[in-house]
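Undergrad: There's a structure below that I have some questions on.
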């Protein structure tokens, strides 16, 4: 009888141990599921953030392209009525403005000499504004050399740029 009681207690102890083991396994399983659920949620959050960022970048790129297209269209409308373009050639005295214009004239007209007076001595050659190549869509405008860029020269420079001084 004592043997039977001992065996019964041993069986109950083993049953309790198995019950504890099942409880630990269940807790471990639940913990693994919780960790996996958190990992999936974190991945989902990262994926959503990545998608949001990508959409934001796409929207910015589309806005940039739209603005560029608007700018291009506006410029195209402005240039539609332009029949002749005037290009000013600016620089210091002796920097080769007139030589550049002469080279363009010789190339376009296939002549030996251009008509812009150039000064290879470093002294001022062009005194007033002068248009060259008027037969083309564009005209080159030779300007006098600018020395010190003092207040008077800066004002004259701006007047030329804004078309207030004409050849």
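Numbering (the numbering used here), first residue to last: 7 to 173. All residues carry an ideal CB built from backbone N, CA and C; glycine is no exception.
Let me know the secondary structure DSSP gives residue 147 once reduced to three states.
TA: For this step, residue 147 is matched to residue 141 along the chain shown. In the structure shown, residue 147 sits in a strand (DSSP, three-state: E or B).
Undergrad: Quick check on this structure: which residue in 19, 119, 167 has the alpha carbon closest to the alpha carbon of residue 175?
TA: Here the chain covers residues 7 to 173 and nothing more, so residue 175 does not appear.
Undergrad: Using a Cβ distance threshold of 8 Å, determine whether the region 137–156 contacts the region 53–65, with at least three qualifying pairs required.
TA: no
Undergrad: Three-state secondary structure (DSSP) at residue 127?
TA: Taking the first residue of the chain shown as position 1, residue 127 is located at position 121. For residue 127, the predicted model reports a pLDDT of 49, less than 50, meaning its position is unreliable; a value from the coordinates is still stated below. Here residue 127 sits in coil by DSSP.
Undergrad: Between the Cα of residue 149 and the Cα atoms of 115, 105, 67, 20, which residue gives the shortest distance?
TA: Within the chain shown, the letter at position 143 stands for residue 149. In terms of Cα proximity to residue 149, the closest of 115, 105, 67, 20 is 105.
Undergrad: State buried or exposed for residue 88, treating a residue as buried only when at least 16 other CB atoms are found within 10 Å of its CB.
TA: Reading the chain shown from its first residue, position 82 is the one you call residue 88. Its Cβ having fewer than 16 others within 10 Å, residue 88 is exposed.
Undergrad: To the nearest angstrom, how far is the alpha carbon of residue 14 from that of residue 26?
TA: As a working mapping, residue 14 is identified with position 8 in the chain shown. As a working mapping, residue 26 is identified with position 20 in the chain shown. Those two C-alpha atoms are separated by around 18 Å.
Undergrad: Taking the DSSP output, what are the residues bridged to residue 92?
TA: Residue 92 sits at position 86 when you count from the first residue of the chain shown. In DSSP, residue 92 forms a bridge with 145.
Undergrad: Going by DSSP, what residue range makes up the beta strand (DSSP E) through residue 136?
TA: Mapped onto the chain shown, residue 136 falls at position 130. From DSSP, the beta strand (DSSP E) with residue 136 extends over 136–138.
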